[in-house]
Structures are given as structure tokens and as C-alpha cells.
Amino acid sequence: MLNPVLETVRLPPGHRRNGQAPAKALALMVSLLLAACSLDYGSLDDDASTLPDTIVFDFRHTVVRNGRILYKLEAEKAEKWEKEGRFAMEGVTFTEYDPHDGHIVANGHADRGSFYVETESADLSGNVFFAAPGDDITVTTGNLSWNGENRTLSSQLDTITTLSDGASSLSGAGFAADARTRSFIFQETVNGRFVPDSAAPDAAAPELSEVVAPEAATNEAPADEQTITEASTLEQDDATTDTAAPSPALNPVASPANPPATSPSIRPNTSPTDQQGSAQ
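With the working numbering, the residue at position 277 of the sequence shown is 289, and numbering never jumps.
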């Protein structure tokens, strides 16, 4: 509340002291005082909603099953938004491991990303790179979303995504891939070069225009699975949690329950000869 300062006003000689002027001045100061006291300075709750609950550096989120690391999600900086169940990250890297032998199934990085704890989903943006070393597949794009419940990857229609598999390279907008069926589509502006895999000419593969419906996903975590979130530097408390969670697979590689086909290459239906040009 403002504290008004009262000053003595000297009236010029001959001025009539009828009390009217001081009364008006006093009324004006009282009005200003009341106005100052009624100013809306905003709610503390509104200010708090614009700030993260926790800020951590050297963030690392690890899922372990049967004593083996299933995947790691790391970031140079992460902000935890408790109500949204979300981590907003910068300088993101991720690695997925085979649950049986521990070799790397997929890895990648992005400038920025959001990770949703409950669904094990992620939205990546900036310079996004994803690789499945075992299948010799790489994906480069400006944004990429992983749906942990449906096990699907997707990018936006306004973003060109490039999918490479050995000698094959296809680019297009509206990229989507299904990890369970090991299939992919581009919704618009598809072009590039596709080289069939001669090692498995009869293997079935979807058309580029085929929209694949994801299978029903079970989101139950094994009893022996644990999630570990940690960081080396904290700006607020409550940065380390150990909770049970389902494991995602940040890649279009089949799960152990859905083994890959004879050849995991990109293989839309085509003739055995090499083709080069545009595909719709």
C-alpha cells in the first residue's frame, strides 16, 4: 500500500482561506490512496504456473528390466512440470538396448524434446537424428514424435523427413512408422531412390500409400521393471525418482514378441530391379 506524503502548501498573500482548496486536495489524495490499494498485482498461483517445479542438469532417465538396461534418455538440461507429467529437455540423446544381449538397438539425438513420464512418449524437435544400427536405418527430420502406447513414430506434414536404408533413401512429408508391423508411410511429396534387397525378393512389404493401423498395445509394466531418473545438478528439490514404468522403444524396430522379417530393409512393393525417381 502506498504511503502518501503530506506537504504544507503556502498560499499566496491575499488568498482566501475558506477551507475549500485543502478539502479538495485531501479528497484527491484519499482517492489516489484507495486506487493504489486496489491494484491487482496478480496471483502467486499464476506466477507459479509459468515456472517448472524442478530444473536439473545432466539429466538421465533409465529403465531397467531383469537387471539389464532397456533404454536411456539423457539431456544437458531438463525442466520438470509436475502437473503435466512432463520433462522439457535441451540437448537430448537416447539409446535403446536389446533386453536379451544388451546390444544397441537404436540411438539418436535432438536439439530439444519433451518426455511424458506416464505414457513413455516423447516429442523431439530441432535437428533430429535417429538410427537403428542393426537394420542400417537412419531417420533425419525437424521433428519426430514417439507414441509409447501405440509404438508409432510420426513427423508433421510441414516437415521433410529423410529415411535411409543402405543404398535406398526416401524423403517426404508426414512420415509415420509402426514399430509393431515394421511398416512406414509418407503422406505427401515423396521422392528419392529405392534399391530392393535381393537377399529376400519375396518378403512382403507395404505400399508407400498404405496406412497401417497399430495393434492394440498393452501398457502393463513387468513386475521386475524399474525406472530411474537422476541428475548431477539441481536447482530445485525432488529431482530423483524411482518408479515402475513400461519401457518404450524409440525406434521402428520390432519388439521381441514381434521378430523382424527375413530382411529388415525398407521394402515397399516394387519390382526386383532398381528404381529411381519420385513415388506418390
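For glycine and all other residues, C-beta sits at the position ideal for the given N, C-alpha and C.
Computed from a predicted model, the values in this text were never measured in an experiment.
With distances taken Cα to Cα, identify the nearest neighbour of residue i among the options.
i, options, result
"Ala189", "Phe142, Leu82 and Glu88", "Phe142"
"Pro208", "Phe198, Ala179, Leu63 and Val76", "Ala179"
"Arg124", "Asn139, Thr131 and Ile81", "Asn139"
"Ser126", "Ile116, Ser137, Val117 and Asn119", "Ser137"
"Gln168", "Glu161, Trp93 and Gly186", "Gly186"
"Asn78", "Thr131, Thr66, Pro64 and His112", "His112"
"Phe71", "Glu86, Ser166 and Arg80", "Glu86"
"Thr152", "Tyr109, Ser183, Asp110 and Val68", "Ser183"
"Asp177", "Arg192, Ser166 and Asp147", "Asp147"
Taking residue i and residue j to be in contact with their CB atoms under 8 Å, please state how far apart those CB atoms are, rounded to whole angstroms.
i, j, result
"Gly103", "Lys84", "Incorrect: roughly 14 Å between the Cβ atoms, too far for contact."
"Tyr109", "Ile149", "Going by Cβ atoms, the distance from Tyr109 to Ile149 rounds to 17 Å, so no, they are not a contact pair."
Nearest-angstrom Cα distance between residue i and residue j?
i, j, result
"Ala134", "Ala100", "10 Å"
"Arg205", "Thr105", "29 Å"
"Ser97", "Val129", "The residue asked about is misnamed: residue 97 is Gly in this sequence, not Ser. For Gly97 and Val129, the distance between alpha carbons rounds to 6 Å."
"Ser181", "Glu200", "16 Å"
"Ala118", "Pro145", "6 Å"
"Lys95", "Gly114", "34 Å"
"Arg194", "Gly160", "15 Å"
"Thr62", "Lys92", "12 Å"
"Thr164", "Thr131", "13 Å"
"Ile197", "Thr74", "30 Å"
"Arg192", "Val202", "23 Å"
"Asn162", "Val68", "29 Å"
According to DSSP, is residue i part of a helix, a strand, or is it coil?
i, result
"Asp209", "coil"
"Ser176", "strand"
"Asp190", "strand"
"Gly97", "coil"
"Gly120", "strand"
"Gly204", "strand"
"Asp147", "helix"
"Ser61", "helix"
"Gly79", "coil"
"Ser166", "strand"
"His112", "coil"
Measuring only from the beta carbon, is residue i closer than 7 Å to any heavy atom that is part of the ligand ADP?
i, result
"Ala118", "This structure does not include the ligand ADP; it has no bound ligands of any sort."
Any Cβ of chain C within less than 8 Å of the Cβ of residue i?
i, result
"Asp113", "Among the chains in the structure shown there is no chain C, since it carries only a single protein chain."
Stretch-stretch touch, CB-based, cutoff 8 Å, three pairs: the region 173-190 with the region 155-165:
Judged by pairs of C-beta atoms under 8 Å, the region 173-190 touches the region 155-165, as three or more such pairs exist.
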